[in-house]
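Chemist: Residues 1 to 485 (UniProt numbering) make up the sequence shown, in order. Can you read through this structure? Questions will come right after.
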Amino acid sequence: MLHIQRSELAIIDCKTQFYSNYYVRDGVRTYYEGVPAVIEVSKHHYVERELAELFVAQMVMSWTSATNASQIYNTLYSSTSTSSTPSLTADHVWNAFIILSLIRDSECRKAVLAVLDSGAQNDRFIQAMSERNQRIAEYGQDLINHYCDRCLKVTEKEDGKHYRIHALVADGICIGHPRCAFQDSLPCKNPLLSSKDRFCTLHQDENQICAITLCRHPVVAGFLTCDDPEHCRMENNRSSCQKAMFQLKHVLARQGIVQTANSQELDDVPNDDVEHTDGPDAPGPSTTFVEDSKDCLEKEDNENLKAIFGRLRTHAELVFHQPCGIMVRRTTCLRAESLTQVSVSIHQSLSFFGGQLQVCFYDNNCRLYCYLNAHDDPIKDELCLPVDPFHWKCKHKKTDIECAVHCNPCRFPELREDTEDQNGKWVFNSSVAKQNNVWLGGYLALVREIGFVKYNFFLDEMIHRKNELILAKLAKSSSPGLFVC
Numbered sequence: 001m002l003h004i005q006r007s008e009l010a011i012i013d014c015k016t017q018f019y020s021n022y023y024v025r026d027g028v029r030t031y032y033e034g035v036p037a038v039i040e041v042s043k044h045h046y047v048e049r050e051l052a053e054l055f056v057a058q059m060v061m062s063w064t065s066a067t068n069a070s071q072i073y074n075t076l077y078s079s080t081s082t083s084s085t086p087s088l089t090a091d092h093v094w095n096a097f098i099i100l101s102l103i104r105d106s107e108c109r110k111a112v113l114a115v116l117d118s119g120a121q122n123d124r125f126i127q128a129m130s131e132r133n134q135r136i137a138e139y140g141q142d143l144i145n146h147y148c149d150r151c152l153k154v155t156e157k158e159d160g161k162h163y164r165i166h167a168l169v170a171d172g173i174c175i176g177h178p179r180c181a182f183q184d185s186l187p188c189k190n191p192l193l194s195s196k197d198r199f200c201t202l203h204q205d206e207n208q209i210c211a212i213t214l215c216r217h218p219v220v221a222g223f224l225t226c227d228d229p230e231h232c233r234m235e236n237n238r239s240s241c242q243k244a245m246f247q248l249k250h251v252l253a254r255q256g257i258v259q260t261a262n263s264q265e266l267d268d269v270p271n272d273d274v275e276h277t278d279g280p281d282a283p284g285p286s287t288t289f290v291e292d293s294k295d296c297l298e299k300e301d302n303e304n305l306k307a308i309f310g311r312l313r314t315h316a317e318l319v320f321h322q323p324c325g326i327m328v329r330r331t332t333c334l335r336a337e338s339l340t341q342v343s344v345s346i347h348q349s350l351s352f353f354g355g356q357l358q359v360c361f362y363d364n365n366c367r368l369y370c371y372l373n374a375h376d377d378p379i380k381d382e383l384c385l386p387v388d389p390f391h392w393k394c395k396h397k398k399t400d401i402e403c404a405v406h407c408n409p410c411r412f413p414e415l416r417e418d419t420e421d422q423n424g425k426w427v428f429n430s431s432v433a434k435q436n437n438v439w440l441g442g443y444l445a446l447v448r449e450i451g452f453v454k455y456n457f458f459l460d461e462m463i464h465r466k467n468e469l470i471l472a473k474l475a476k477s478s479s480p481g482l483f484v485c
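Structure, rendered in structure tokens:
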């Protein structure tokens with residue numbers, strides 16, 4: 001990192017100030033075209049472009065957090081730096097990542113990056129990040145129009161015409177960010193003002209309501225529950241569990257954390273029992289929903305009380321993959337990976353591909369087929385909805401008509417290579433989602449405390465960079481065939 005005295009050139013007539021990376025006019029900071037050789041990450045602090053790219057590469061290839069990236073840099077180069085050179089911080093790494101990603105994105109769209117010049121550096125790019133998040137949510141990743149001989153098959157029918165078979169693989173992975181804990185028939189989608197908050201701005205009044213899910217009485221000052229003795233006992237039990245080291249280790253193990261955001265502070269486990277993935281797929285007992293499992297003989301109705309003492313988390317990310325490995329889009333599942341949300345996402349994917357999608361692999365296609373059939377959705381007849389062959393063989397009932405017939409991959413001969421013995425290899429790699437999700441799962445610890453906007457921006461950029469690596473590998477592949485991106 002470079003510590004440089006910043007120079008400013010002002011032109012009075014047009015009221016413009018020029019700096020090394022951008023110029024300021026009417027309170028708007030407009031960056032110059034192209035990626036600069038050095039990036040201003042804070043006032044008087046610059047990071048070389050190659051170093052910023054190294055930080056991003058570490059994040060993509062080894063799940064390195066901004067904190068660990070800064071510590072690696074300071075450990076390696078502190079001895080060669082002068083005493084006046086400041087240490088690199090996690091904020092510097094984050095700012096380098098965000099600015100570099102936004103400038104690259106603007107360059108690809110033949111646009112310029114413009115942000116407000118006022119405000120803190122950490123907040124200055126929120127609007128630009130939000131706009132990019134919204135664009136990717138609506139239109140998918142840049143490579144959504146990619147197809148090659150690994151994700152597209154061209155067949156010739158008896159009539160002599162050629163037909164294209166385009167496939168996608170859908171799968172969910174339990175990774176998410178904090179969300180509003182307000183309980184209703186539909187989950188609240190409003191972002192939290194801070195990742196430490198329990199409720200969004202709209203539902204701040206819920207902080208004054210008892211944390212027991214079915215209780216609407218006001219809380220006692222200094223507590224999260226009302227004056228009901230049973231409710232107070234639940235909060236006391238929760239406080240006692242938090243103080244036990246074994247409970248803290250259990251919470252850490254439950255979350256499946258394989259990468260820590262700060263490897264130098266392994267014992268610094270957050271005293272927060274609210275960080276979990278909401279929904280049935282969360283492993284182990286929930287640490288957010290505290291259940292009163294003790295029998296109370298004095299009660300006629302042995303109630304099973306539940307409470308939400310902290311934040312909730314989004315349940316999972318539903319990701320759509322090309323069989324060649326390119327990830328084209330994702331959807332956040334707030335409470336569960338529901339069939340309704342999967343159905344909506346598949347319909348959206350159909351619109352992205354202009355109706356040219358013919359096959360969609362999904363591990364739960366048997367239940368999805370029942371759902372589509374019950375709702376008279378024509379997509380069940382327009383799409384092949386097979387289950388991954390491995391999962392069909394090991395995890396699906398052969399007696400159910402949906403599993404045995406409608407979602408049986410052997411039912412679709414187009415999914416096999418043409419051979420005389422009819423036992424050719426599968427055309428598409430339907431296990432690609434599991435392979436990619438192993439990589440995505442490495443970010444579980446990194447995104448746990450990231451806010452709504454930065455979470456989506458970070459994941460989208462990681463997927464974008466990963467897609468670039470996969471595309472480069474595909475381009476070097478010796479396998480002949482169609483290749484368009």
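No residue lacks a Cβ here, since even glycine has one placed at the ideal position from N, Cα and C.
I'd like the ranges of any alpha helix (DSSP H) spanning at least 4 consecutive residues and lying wholly in the stretch 8-82.
Modeler: For the stretch 8-82, whole alpha helix (DSSP H) runs of length 4 or above, ordered along the chain, are 49-62 and 66-77.
Chemist: Roughly how many whole angstroms lie between the Cα atoms of Ile-470 and Lys-434?
Modeler: So the two alpha carbons sit approximately 15 angstroms from each other.
Chemist: For Thr-340, name the three-state secondary structure that DSSP assigns.
Modeler: Looking at Thr-340 - three-state DSSP - the assignment turns out to be helix.
Chemist: With three or more beta-carbon pairs closer than 8 angstroms as the criterion, would you say the stretch 34-45 touches the stretch 96-108?
Modeler: The stretch 34-45 is in contact with the stretch 96-108.
Chemist: Counting pairs of beta carbons, one from the stretch 222-229 and one from the stretch 337-345, are three or more of them closer than 8 angstroms?
Modeler: No, the stretch 222-229 does not touch the stretch 337-345.
Chemist: Would residue 555 pass as a contact of Ile-212 if the rule is Cβ separation under 8 angstroms?
Modeler: Residue numbering for the chain in the displayed model covers 1 to 485; residue 555 lies beyond these limits and cannot be assessed.
Chemist: Distance check for Ser-351 and Ala-167, CA to CA, integer angstroms please.
Modeler: Rounded to the nearest angstrom, the two C-alpha atoms are 14 angstroms apart.
Chemist: Under three-state DSSP, which class holds Tyr-369?
Modeler: Helix.
Chemist: Since Ser-70 and His-45 should fall inside the 8 angstroms C-beta cutoff, what is the C-beta to C-beta distance between them, to a whole number of angstroms?
Modeler: Not really, about 12 angstroms apart at Cβ, beyond 8 angstroms.
Chemist: Specify the secondary structure class of His-166 as computed by DSSP and reduced to three states.
Modeler: Here His-166 sits in strand by DSSP.
Chemist: Hey, Arg-216 and Asn-207: beta-carbon distance below 8 angstroms or not?
Modeler: Contact: no.
Chemist: Does the distance from the CB of Thr-30 to the CB of Tyr-22 come in under 8 angstroms?
Modeler: Taking 8 angstroms as the Cβ cut-off, Thr-30 and Tyr-22 qualify as a contacting pair.
Chemist: Does the beta carbon of Val-93 sit closer than 8 angstroms to a beta carbon anywhere in chain B?
Modeler: The structure shown has no chain B; it contains just one protein chain.
Chemist: Can you grab the Cα-Cα spacing for the pair Asp-381 / Ser-65, in whole Å?
Modeler: About 45 angstroms.
Chemist: How about the stretch 182-202 and the stretch 442-458: do they share at least three Cβ pairs that are nearer than 8 angstroms?
Modeler: Flag = yes, the stretch 182-202 and the stretch 442-458 touch.
Chemist: Closest to Phe-182 by CA distance: which of His-162, Cys-174, Leu-214 and Lys-153 is it?
Modeler: When each option's Cα is compared against that of Phe-182, the closest is Leu-214.
Chemist: Name the DSSP beta bridge partners of Pro-218, please?
Modeler: Ile-209, per the DSSP bridge assignment.
Chemist: Using 8 angstroms as the threshold, is the C-beta distance between Leu-385 and Tyr-369 below it?
Modeler: A contact, by the Cβ cut-off of 8 angstroms.
Chemist: Could you check how far apart the C-beta atoms of Ser-430 and Phe-361 are, in whole angstroms? I think they sit under 8 angstroms.
Modeler: With a Cβ gap of about 4 angstroms, Ser-430 and Phe-361 count as contacting.
Chemist: For Arg-411, count the other beta carbons within 10 Å of its own beta carbon; 16 or more makes it buried, fewer makes it exposed. Which is it?
Modeler: Exposed: under 16 other Cβ atoms inside 10 Å.
Chemist: Under 8 angstroms, with one C-beta from each stretch per pair, do the stretch 122-132 and the stretch 142-160 reach the 3-pair mark?
Modeler: The stretch 122-132 vs the stretch 142-160: no contact.
Chemist: What is the rounded straight-line gap between the Cα of Glu-138 and the Cα of Leu-76?
Modeler: Taking the straight line joining both Cα atoms gives about 42 angstroms.
Chemist: Would you check if the distance between the CB atom of Lys-476 and the CB atom of Val-60 is smaller than 8 angstroms?
Modeler: Their beta carbons are not under 8 angstroms apart, which means Lys-476 does not touch Val-60 by this criterion.
Chemist: Do Phe-309 and Arg-416 have their beta-carbon atoms positioned less than 8 angstroms apart in this structure?
Modeler: Their beta carbons are not under 8 angstroms apart, which means Arg-416 does not touch Phe-309 by this criterion.
Chemist: What three-state label does DSSP hand Cys-333 in the structure shown?
Modeler: Three-state DSSP puts Cys-333 in a strand.
Chemist: By the 10 Å Cβ neighbour count, where 16 or more other Cβ atoms means buried, how is Glu-156 classified, buried or exposed?
Modeler: The residue in question, Glu-156, is exposed, as its Cβ has fewer than 16 Cβ neighbours within 10 Å.
Chemist: Under a Cβ-count criterion, where at least 16 other Cβ atoms within 10 Å of its own Cβ denotes burial, should Arg-150 be classed as buried or exposed?
Modeler: By the neighbour-count rule (16 or more Cβ atoms within 10 Å), Arg-150 is buried.
Chemist: Distance, Cα to Cα, Asn-408 vs Cys-180?
Modeler: Approximately 40 angstroms, taken between the alpha carbons.
Chemist: Since Ile-126 and Leu-113 should fall inside the 8 angstroms C-beta cutoff, what is the C-beta to C-beta distance between them, to a whole number of angstroms?
Modeler: Between Leu-113 and Ile-126 the Cβ distance is about 13 angstroms, and since that is not below 8 angstroms, they are no contact.
Chemist: Does DSSP put Asp-171 in a helix, a strand or coil?
Modeler: Of the three classes helix, strand and coil, the one that applies to Asp-171 here is strand, per DSSP.
Chemist: State the Cα-Cα distance for the pair Phe-223 and Asp-123, rounded to the nearest angstrom.
Modeler: Each residue's alpha carbon lies about 32 angstroms from the other.
Chemist: How is Leu-357 classed by DSSP in three states: helix, strand or coil?
Modeler: If DSSP states are grouped into helix, strand and coil, Leu-357 belongs with coil.
Chemist: Should Pro-389 and Trp-439 be called a contact, given that it needs their Cβ atoms to be closer than 8 angstroms?
Modeler: Cβ atoms of Pro-389 and Trp-439: not closer than 8 angstroms.
Chemist: Confirm, please, whether the CB-CB distance from Asn-190 to Lys-200 is below 8 angstroms.
Modeler: Here the sequence assigns Cys to residue 200, which means Lys is not the residue at that position. Yes, the pair counts as a contact, with Cβ atoms nearer than the cut-off.
Chemist: Leaving out five residues before and five after Phe-428 in sequence, what residues of the same chain have Cβ atoms less than 6 angstroms from its Cβ?
Modeler: Excluding sequence neighbours, Phe-428 sits near Ala-167 and Pro-323.
Chemist: Spell out the partners DSSP gives Met-129 in its beta bridges.
Modeler: In DSSP, Met-129 forms no bridge with anything.
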